[in-house]
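Worksheet: the structure to be examined is printed underneath.
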Amino acid sequence: MRGTDWIMLWTLSLLWGGSFLFVELALAGLPPLTIVWGRVALAAVILWGVMRITGSVVPPRRVWPALLVMGCLNNAVPFTLFVLAQGQITGALASVLNATTPLFTVLVAHIATADERLTAVKAAGVGLGFGGVLAMMAGERLDGAVLAMAACLGAAVSYAVASVWGRRFRQAGLAPLATACGQVTASTLLITPLWLWVDQPWRIAVPGAGPVLAVVGLAALSTALAYLLYFRILASAGSTAISLVTFLIPLSAAAMGWAALGERLELRHLVGLALILAGLALIKWRRAAAA
14 MRGTDWIMLW
24 TLSLLWGGSF
34 LFVELALAGL
44 PPLTIVWGRV
54 ALAAVILWGV
64 MRITGSVVPP
74 RRVWPALLVM
84 GCLNNAVPFT
94 LFVLAQGQIT
104 GALASVLNAT
114 TPLFTVLVAH
124 IATADERLTA
134 VKAAGVGLGF
144 GGVLAMMAGE
154 RLDGAVLAMA
164 ACLGAAVSYA
174 VASVWGRRFR
184 QAGLAPLATA
194 CGQVTASTLL
204 ITPLWLWVDQ
214 PWRIAVPGAG
224 PVLAVVGLAA
234 LSTALAYLLY
244 FRILASAGST
254 AISLVTFLIP
264 LSAAAMGWAA
274 LGERLELRHL
284 VGLALILAGL
294 ALIKWRRAAA
304 A
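Heads up, the sequence shown is in my numbering, so the first residue is 14 and it goes up one at a time.
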């Protein structure tokens, strides 16, 4: 990887890690579904603008049913679960649990594909990672915190299923920018009726500038710009390089949570993070060696 690739990779980790901080700031004045709707709707507007400026091809009608599924799995469901969870736990802890996504992806790929089977090394990596999850949950009572952690794991499962589902867009020859734009547009269409029914935005008190700016940051930086940077790194350095962001996001999120809100991870959370990262390293090292 070139120096510019590393800079882009760290920047992407800050953008995605920053999403957990933005959510916490937004929750100070806005209900959960309003945050999620604002994130995907504004990101869709931005990405459609980029599509128009760059002259990109609009996704054809035949792929929109698949984009609706992708928008649900990769945006609507996980974004909502993380926002709900962060009403009970810190963004730093949520980001650590988000790092389990590749572990679930290994399991989903084993079940749903013929070319990514579960090997002994992969199984060991998954076992280490889930041992980290158990370490973080040890001693917790069945209360809001445990349910919030379970919601984060549910979001990670949704991301994992989305990563396997997303293969069809590469096979169909759909450009990455068109896929990103299509999925946030689809997720906006899916969330809007639920948002209107649950949050009734016309009844929401006018929030302060902080929560509104946090949602703008979520949409513009952690979603639209992050997608554009993600695909730039993918084209420049490849999928193996981009996978390193999984290791960096918890570090970025924890650092920003500590600097801005004074959040701290407990010892068991740090032990859990170490086991998760060890499991990911084992899986990714094996994949790199096989390549």
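Just so you know, even glycine gets a beta-carbon here, dropped at the ideal spot from N, CA and C.
Just so you know, these numbers come straight off a predicted model, no measurement behind them.
Legend entry - Exposed unless 16 or more other CB atoms sit within 10 angstroms - verdict on P73: When all chains shown are included, P73 counts as exposed.
Inset, instruction - Indicate whether A39 and V177 have their beta-carbon atoms separated by less than 8 Å. - result: With contacts defined by Cβ atoms closer than 8 Å, A39 and V177 do not form a contacting pair.
Legend entry - Neighbourhood of G230 by C-beta distance below 6 Å, restricted to the same chain and skipping five residues each side: Closer than 6 Å at Cβ, skipping near neighbours: F35.
Legend entry - Rounded straight-line distance, which links the Cα of A237 to that of T198: Rounded to whole angstroms, the gap between the alpha carbons of T198 and A237 is 12 Å.
Inset, instruction - Alpha carbon to alpha carbon, how far is L209 from L280? Give it in angstroms, no decimals. - result: Spanning the two alpha carbons is a distance of roughly 41 Å.
Inset, instruction - Grab me the residues of G285's own chain with a C-beta within less than 6 Å of its C-beta, minus the 5 sequence neighbours each way, in chain order. - result: So the list reads G145, A148, M149, once near-sequence residues are dropped.
Inset, instruction - Could you tell me whether the Cβ atoms of V76 and A175 are closer together than 8 Å? - result: In this structure, A175 does not lie closer than 8 Å to V76 by Cβ.
Legend entry - For D18, three-class secondary structure by DSSP: D18 falls in the helix class under three-state DSSP.
Inset, instruction - Compare the beta carbon distance of R181 and A79 with 8 Å and say whether it is the shorter of the two. - result: In this structure, A79 lies closer than 8 Å to R181 by Cβ.
Inset, instruction - Would you kindly work out how many angstroms separate the C-alpha atoms of L43 and I217, rounded to a whole number? - result: Approximately 8 Å, taken between the alpha carbons.
Inset, instruction - Tell me, to the nearest whole angstrom, how far the beta carbon of G84 is from that of S235; I am working on the premise that it is less than 8 Å. - result: At roughly 17 Å, the Cβ-Cβ gap does not stay under 8 Å, so G84 and S235 are not in contact.
Legend entry - F117 vs A173 beta-carbon contact at 8 Å: The answer is yes: Cβ separation under 8 Å.
Legend entry - Alpha-carbon to alpha-carbon, I204 and W50: Roughly 6 Å between the two C-alpha positions.
Inset, instruction - Could you tell me the distance, in whole angstroms, from the CA atom of G292 to the CA atom of H123? - result: One C-alpha to the other measures close to 17 Å.
Legend entry - Limits of the unbroken alpha helix (DSSP H) element including P78: P78 -> alpha helix (DSSP H) spans 77-84.
Inset, instruction - Inspect the beta-carbon positions of Q101 and A163 and report whether they are closer than 8 Å. - result: It is not a contact, given that the beta carbons lie outside the stated cut-off.
Legend entry - Where S108 falls: helix, strand or coil (DSSP): It is helical.
Inset, instruction - Have a look at T24, S69, I48 and flag the residue whose alpha-carbon is nearest the alpha-carbon of P220. - result: Taking only the C-alpha atoms, the option nearest P220 is I48.
Legend entry - Neighbourhood of L97 by C-beta, 8 Å cutoff - its chain only, sequence neighbours within 5 removed: P45, A161, A164, listed in sequence order.
Legend entry - Sub-8 Å separation of L94 and A168 beta-carbons: Yes, Cβ-Cβ distance for L94 and A168 is below 8 Å.
Legend entry - Cα-Cα separation between A107 and L187, rounded to whole angstroms: Roughly 32 Å between the two C-alpha positions.
Legend entry - C-beta atoms of L22 and L257 nearer than 8 Å: Yes, the Cβ-Cβ distance between L22 and L257 is below 8 Å.
Inset, instruction - State the DSSP-derived secondary structure class of T67, mapped to helix, strand or coil. - result: Helix.
Legend entry - Proximity of S171 and L86 at Cβ, strictly below 8 Å: In this structure, the beta-carbon distance from S171 to L86 falls below 8 Å.
Legend entry - Same chain, Cβ closer than 6 Å to L131, five either side skipped, listed in chain order: Closer than 6 Å at Cβ, skipping near neighbours: H123.
Inset, instruction - Could you check which residue in W61, A287, E129, L241 has the C-alpha nearest to that of T24? - result: It is L241 whose Cα lies nearest to the Cα of T24.
Inset, instruction - Enumerate in chain order the residues of its own chain whose CB-to-CB distance from S26 is below 7 Å, with the five nearest sequence positions on each side excluded. - result: Same-chain partners within the cutoff: V258, L261, I262, S265.
Legend entry - Pairwise C-alpha distance: V71 and E276: One C-alpha to the other measures close to 42 Å.
Inset, instruction - Flag this pair as yes or no: are the beta carbons of L295 and G138 separated by less than 8 Å? - result: A contact, by the Cβ cut-off of 8 Å.
Inset, instruction - Would you kindly check if the distance between the Cβ of A232 and the Cβ of I66 is under 8 Å? - result: Their beta carbons are not under 8 Å apart, which means I66 does not touch A232 by this criterion.
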